[in-house]
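Each protein sequence line maps, in turn, to chains A and B.
Numbering of the first sequence is given in my numbering, commencing with residue 6 and proceeding in unit increments.
Numbering of the second sequence is given in my numbering, commencing with residue 499 and proceeding in unit increments.
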Amino acid sequence: MAELKLLFKHAHDPAYATLKGYQATGGYEALRKAVKGERQAVIDEVKKSGLRGRGGAGFPTWIKWNGIAKDKKGPHYVVCNADEGEPGTFKDKQLMEQTPFLLIEGMTIAGFATQADVGYIYIRGEFVDAARALRKAIDEAYKAGLLGKNILGSGWDYDLHIHLGAGSYECGEESALMSSLMGERGMPRLKFPHAPLPTVAGLWERPTVINNVETYACAPFIIQNGGDWYATMGASTKNSRGTKIFSVSGHVNKPGNYEIEFGTSLMELLEMAGGMKGGKLKACVPGGSSVPIIDAEACEKAIIGYEEMADVKSMVGSGGCMFLNEHTCIVNFIWRTALFYANESCGKCTPCREGTKWMFQILDRIRRGGGREDDIQTLLDICSQIDGRSFCGLGDAAAWPVAAALRVFPQEFEYFIKNGRSMVESEPALAMLP
Amino acid sequence: MAVASNPETVEILINDIPVQVPKGELIVESVKRLGLEIPIFCYHPRMKPVGMCRMCLVEVGFKQPDGTVRKMPKPQAGCTLPADANMVVYTDSEMVHRDRKGVLEFLLVNHPLDCPICDRGGECPLQNNTLFYGPSTSRFTELKRHAAKAFPLSQYVTLDLERCIQCGRCVRFTEEISGDAELAFRFRGASMQPSTFELRDFGSKFSGNVIEICPVGALTNSKYRFRARPWDLETKPGICTVCSNGCNIWFDYRVQQMVRINGRANDAINEEWTCDKGKFGHEFYNSNERLTQPLMRQGGSIGPANWTDVYAEILKHFAEAGNAAAGIAGPVASCESYTLFKEMFAGFGSTSIDHRLYSNPVSNEIANAEKSSISSLESAKTILVFGNSLADDLPIIFLRVRKAWFKYGAKVIVAYSGANEVESFADVSLRYKPGTEEAVAKALSEAMNGALSAGVEAETGVAPSEYLRAAELLKGSGAPIISSAGLQNLKAGKEICASLQALAATINGRFNLYALGANEEGARQAGIVPGKGGKSVGDILKACKKGEIKALWILNSDLLNEYPDRKLVNEALESVEYLVYQGWEKNETTAYASVVVPMTAPAEEDGTYVNVDGTTQHFAPILKAREEARPAWRVFSDVMSRMNSKELIFSAAEIRERLAGATR
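What follows is the structure, given as structure tokens:
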């Protein structure tokens, strides 16, 4: 299968980032259609579409939207998670910079469906360009009466704000994001069943829908063309519908964002990205640094879909797909990944706080030639002591890549420990050094 | 916060044992019903659960309609999980044991394990949990985190950051209980550390509590650091006598030296907290200035004397003086002593005794009115704090008022002339011009009728709208009015109290003029007030000045520093012919004494104390009396037996029995 450009169809056109250009290609038709009908109809359409969260977890979007109280007793909120911090992922950045109105319209539709009063876009602190593009677009939308009071004569008011984070990976975790948005320390909060769902008590303890940029950007297409139409894409997969943007990076000839239909194979994605550069394919991290690494053999079999990727013991994740060629030292690769998570652990819970640092310390010692035989077992134990025991997903995300690398490439670690140097005949992955 | 007040109960299975618990109760509390325990670090029953340390992980499942149990894929934190119908909890499974080992191994990775020199060693939750649930060895061979070993957060609290396990109890205490939010976490991940803002002084008035709730030896008591090992200490229950709240404390001592004070749980009074004044204010027990033997003035100088001579001398002067004798009792003596003090003066033929060290004491009617109990304050919907800085004057009452607001959403109104802690959460703050309390109290009453007199803003500095807002909240609210006895030092003290009492009547509430001294209530109950024709403290002092009072007995009060009119005290002490000072510590007032009678301090004698809300508490002797110091009641008994051959009293219990018989 080739690229299937839905969200990115007009991304190359600078005019698409202006309201005029956006509307010229059918923009805001979806919102017009939505506000004329029932709120529930929007949610039903999203349900039919089979849209699942594009941030990494793949949670059905309609369940979140439908979970908001129908009889409104106070403010409702819509929050967009634009804190794209997963290493290897850079799709939201492009979406916000080149197609800001898709996000704004998507969030307005979500706001309408959930009777929200205010929407917040929590943007990663480094994404200044994206924030500027959104600012401009939001201002235009306000002027055109597409945000603010009485949107499109529906009698419904909706404000949209942007908020820049301060550069913490943890703030991409939805509950930590809400804490950060409320001015608290960016630490995760208790989750269901320990506390109510965000749809019941989220931002400021009020019903809140929180989705990824890409998820919201899908909404206008679903409303405009119908959920059934959307669900035709990716029909070959078990339960993944529509398109997904993959940020392809690593040793490929044409790195960049590629929008594909679910059901495309991983090798087709590699082909789109111009194939491998500098050597044969050795491994791939298909969905951002936290998903388990897979070897070339598994890559051949991998079909992109939430359930299908599990067959090769990996995940779609956020779509940060990194292809690694044969000259990549997996030990060094994982060492760098572990350093990232040790730096980004928020410190709230014991397993993640202490475990991520310990893992890095061991990998660092191995990398300096001081590895010991029992290190592999210790690393595996640490991973199992973090995985599922930490407060939020960051701990799991830190443990999975290490555990997977040890499972898929044990010989590389054994060699490094025994000989004090990398098995791969090349300079250590210098490009990946901090 | 720990136990939900949900009347609905659900049946859950804990380790296959069915148990009925209130729906929503935290599992960590539910297991206690079966006598089981889930190990914890960050969880504290009096604070909101956070689930940070992961020590309390348990296996959880739900019983399905077909009878099978579907386990949740991940272990769950027992301290944050609310009990629900069909819940199945395992606290003893193989997975749970493995997880506990894992968490403890992680916690010890960066812990220095300097237990042999740690203050906490021997009473340390980390030590205990490691011993019961942890691995016996560590696989960690990398470099541990290092930090300053003794970082002074304040004069009371020293932080040893290396030992910290980042449980956040201290941070949450300052946010939830004391409300000053003095502590917060800085940095993240393995570098995360509790700290004050910009490393400023940890200025909380309740800072000592974080030492006790710290589950490791990270927050240490600067006064106790390295002074003892816990197992060398003897611990006995006691009552704090630094202020009138009557907090329950643990008294730790060693070789007859007071070593440290810890909070003792009593839900009716201090829950389990202490204020810094109380926790660090018991140094006087070990003071070098303690009075240890009777002293008598002969010629110009004062020197040691024996009891026989002292008694003879006292008796000579006081019996001769008759109605020209007077007694002033300070607020820190036992009820037993107060009782005999009054009897002794009756024997001298004098009615001039008083305990009210205020310039304008209020009528007995107001002083004797029943007070709201401390625990009842937390269920008040509205509270008015009038004319005092609550956190300074009545720290434990302050914590209750804050709890009423923080946990139960009470509306709080504060009227005070200066900045104070209550303002931070008060709905209405009437910060008036100093000295205008009378006008403020009057204006509040007027505002209840919606008609404020003109010029109230110019006079008091508070806008009429604020009075009206306060009145709106107070109307029919039944709000307790919280004032301290310090109001009686104001010029218009009597009038202020009268109008506050009238205000209380209109809002259906209660006016509480809370005492400030440790046993001020006890002195009042024992009747240490001027009898018929007797003089109050102010009049006694004036009479001393004029030479009308020949012999004055001061019971344990540094009058020069405790009575508001220092000039008057000074003149009185210089003029009075004969002065007996009875107390446990040398101070400015003792310098004027003709006779100094050494007295035992509260922990050194058997005695009863009545706290601010009228709770009577008994304090058993803990330390030995210093040399020749005697309980005050014994001195009174000795004097009386010499005066009119009254029978000697040998124990405080005798006095208590007699009192009980009188009321029976």
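The C-beta atom is built at its ideal place from N, Cα and C for all residues, glycine as well.
CB contact check: Thr934(B) to chain A, cutoff 8 angstroms: In the second sequence, residue 934(B) corresponds to position 436, counting from 1. Judged by the 8 angstroms Cβ criterion, Thr934(B) is not in contact with chain A.
Kindly say whether Lys572(B), judged by its beta-carbon, lies nearer than 8 angstroms to any beta-carbon of chain A. The residue labelled residue 572(B) in the question sits at position 74 within the second sequence. So, interface residue.
Applying a beta-carbon distance threshold of less than 7 angstroms, which residues of chain B neighbour Thr383(A)? Along the first sequence, one-based indexing puts residue 383(A) at 378. By Cβ distance, chain B contributes Arg637.
Per DSSP, the bridge partner or partners of Ile1052(B): Sequence index remark: in the second sequence, residue 1052(B) carries index 554 (1-based). Answer is Ile826(B), Tyr1079(B), bridged to Ile1052(B).
Buried or exposed (CB count within 10 angstroms, at least 16 for buried), Thr30(A): Here residue 30(A) refers to the residue found at position 25 when the first sequence is read from its first residue. Exposed, because fewer than 16 other Cβ atoms sit within 10 Å of the Cβ of Thr30(A).
Listing by chain order, which chain B residues have their CB less than 9 angstroms from the CB of Thr361(A)? Locating residue 361(A) in the first sequence gives position 356, counting from the first residue. Neighbours of Thr361(A) on chain B, chain order: Gly687, Ala688.
Assigned exposure category for Trp209(A) - 16 Cβ within 10 Å defines buried: The sequence position of residue 209(A) within the first sequence is 204, counting from 1. Looking at its Cβ environment, which holds fewer than 16 other Cβ atoms inside 10 Å, Trp209(A) is exposed.
Measuring only the C-alpha atoms, how far is Gly60(A) from Asp97(A)? As a working note, residue 60(A) is residue 55 in the first sequence. As a working note, residue 97(A) is residue 92 in the first sequence. Answer to the nearest angstrom: the Cα atoms are 10 angstroms apart.
Under the three-state DSSP convention, the category Asn764(B) falls into: Here the question's residue 764(B) lines up with position 266 in the second sequence. In this structure, Asn764(B) counts as strand in the three-state DSSP scheme.
Can you tell me which of the three DSSP states Gly279(A) falls into? In the first sequence, residue 279(A) corresponds to position 274, counting from 1. In the structure shown, Gly279(A) sits in coil (DSSP, three-state: anything other than H, G, I, E or B).
Measure the C-alpha to C-alpha separation of Ser1034(B) and Tyr856(B) and round it to an integer number of angstroms. Within the second sequence, the letter at position 536 stands for residue 1034(B). Within the second sequence, the letter at position 358 stands for residue 856(B). Their Cα atoms are separated by approximately 9 angstroms.
Output the boundary residues of the alpha helix (DSSP H) element that contains Glu781(B). As a working note, residue 781(B) is residue 283 in the second sequence. Element bounds for Glu781(B): n/a, residue is neither H nor E.
Roughly how far, in whole angstroms, is the beta-carbon of Gly111(A) from the beta-carbon of Ala222(A), given that I think they are within contact range, below 8 angstroms? On the first sequence, position 106 is the one that residue 111(A) refers to. On the first sequence, position 217 is the one that residue 222(A) refers to. The pair is a contact, with the Cβ atoms about 5 angstroms apart (cut-off 8 angstroms).
Helix, strand or coil at Ile371(A) [DSSP, three-state]: Counting from 1 along the first sequence, the entry for residue 371(A) is found at position 366. Reduced to three states, the DSSP call for Ile371(A) is helix.
Per DSSP, Cys445(A) forms a beta bridge with which residues? Here chain A covers residues 6 to 439 and nothing more, so residue 445(A) does not appear.
Beta-carbon contacts of Ala990(B) that lie in its chain and below 6 angstroms, excluding the five residues immediately before and after: By one-based count along the second sequence, residue 990(B) stands at place 492. Excluding residues within five positions, the ones whose Cβ falls inside 6 angstroms are Glu936.
Cβ closer than 7 angstroms: which chain B residues qualify as neighbours of His168(A)? Start at 1 with the first residue of the first sequence, and residue 168(A) comes out as number 163. Under the 7 angstroms cutoff, chain B gives no residues; its nearest Cβ is about 20 angstroms from His168(A).
With 8 angstroms as the threshold, decide whether the Cβ of Glu680(B) is near any Cβ in chain A. Position 182 of the second sequence, counting from 1, holds the residue named residue 680(B). Cβ-Cβ to chain A under 8 angstroms: no for Glu680(B).
Which one of Thr849(B), Val601(B), Asp658(B), Ser877(B) has the shortest CA to CA distance from Gly976(B)? Residue numbering aside, residue 976(B) sits at position 478 when the second sequence is read from its first letter. The residue with the shortest Cα to Cα distance from Gly976(B) is Ser877(B).
Could you tell me whether the Cβ atoms of Met327(A) and Met320(A) are closer together than 8 angstroms? Locating residue 327(A) in the first sequence gives position 322, where the first residue counts as 1. Locating residue 320(A) in the first sequence gives position 315, where the first residue counts as 1. Contact flag unset, no.
Would you grab the beta carbon distance between Ala236(A) and Lys53(A) for me? Rounded to a whole angstrom, and I think it's under 8 angstroms. Sequence index remark: in the first sequence, residue 236(A) carries index 231 (1-based). Sequence index remark: in the first sequence, residue 53(A) carries index 48 (1-based). Between Lys53(A) and Ala236(A) the Cβ distance is about 6 angstroms, and since that is below 8 angstroms, they are a contact.
Measuring alpha carbon to alpha carbon, tell me which of Ile980(B), Leu971(B), Pro932(B) ends up nearest Val960(B). By 1-based counting over the second sequence, the position of residue 960(B) is 462. When only C-alpha atoms are compared, the closest one is Pro932(B).
C-beta neighbour in chain B for Phe396(A), strict 8 angstroms: The count along the first sequence starts at 1 and reaches residue 396(A) at position 391. At least one chain B Cβ lies under 8 angstroms of Phe396(A).
Any beta strand (DSSP E) of 3 or more consecutive residues that is wholly inside the region 285-343 of chain A: 286-290, 325-330
Within 10 angstroms of the Cβ of Pro802(B), are there 16 or more other Cβ atoms? Answer buried if so, exposed if not. The sequence position of residue 802(B) within the second sequence is 304, counting from 1. Pro802(B) comes out exposed.
Taking 8 angstroms as the threshold (C-beta atoms), are Gly255(A) and Leu329(A) in contact? For the purposes of this step, residue 329(A) is taken as the residue at position 324 of the first sequence. For the purposes of this step, residue 255(A) is taken as the residue at position 250 of the first sequence. Cβ distance < 8 angstroms, so Leu329(A) and Gly255(A) count as in contact.
Once DSSP output is grouped into helix, strand and coil, what is the label at Phe749(B)? In the second sequence, residue 749(B) corresponds to position 251, counting from 1. It is a strand residue.
Listed by chain order, chain E residues near Asp597(B) by CB distance under 7 angstroms: Of the chains in the structure shown, none is chain E; the protein chains are A and B.
In chain B, which residues lie with their C-beta within 9 angstroms of the C-beta of Ser350(A)? In the first sequence, the residue the question calls residue 350(A) occupies position 345. Within chain B, the residues near Ser350(A) are Arg686, Gly687, Ala688, Met690.
By the DSSP assignment, the alpha helix (DSSP H) with Gly109(A) in it spans what residues? The sequence position of residue 109(A) within the first sequence is 104, counting from 1. Correcting the residue type first, residue 109(A) is Ile in the shown sequence and not Gly. Counting along the chain, the alpha helix (DSSP H) containing Ile109(A) begins and ends at 105-118.
With burial defined as no fewer than 16 other Cβ atoms inside 10 Å of the residue's Cβ, what is the status of Lys879(B): buried or exposed? As a working mapping, residue 879(B) is identified with position 381 in the second sequence. Exposed, because fewer than 16 other Cβ atoms sit within 10 Å of the Cβ of Lys879(B).
Using a Cβ-Cβ cut-off of 8 angstroms, state whether Arg358(A) counts as contacting chain B. If you number the first sequence from 1, residue 358(A) lands on position 353. Yes, its Cβ sits closer than 8 angstroms to a Cβ of chain B.
In chain order, what residues of the region 661-673 of chain B put their CB closer than 7 angstroms to some CB of chain A? Gln664
Bridge partners - Pro520(B), DSSP secondary structure assignment: Residue numbering aside, residue 520(B) sits at position 22 when the second sequence is read from its first letter. Bridge partners of Pro520(B): Thr507(B).
Whole-angstrom distance between Cys354(A) and Ala7(A), CA atom to CA atom: As a position in the first sequence, residue 7(A) is number 2, starting the count at 1. As a position in the first sequence, residue 354(A) is number 349, starting the count at 1. Near 44 angstroms, if we compare the C-alpha coordinates of Cys354(A) and Ala7(A).
Indicate the three-state DSSP secondary structure (helix, strand or coil) for Met272(A) in the structure shown. Taking the first sequence and counting its residues from 1, the one referred to as residue 272(A) is at position 267. Met272(A) falls in the helix class under three-state DSSP.
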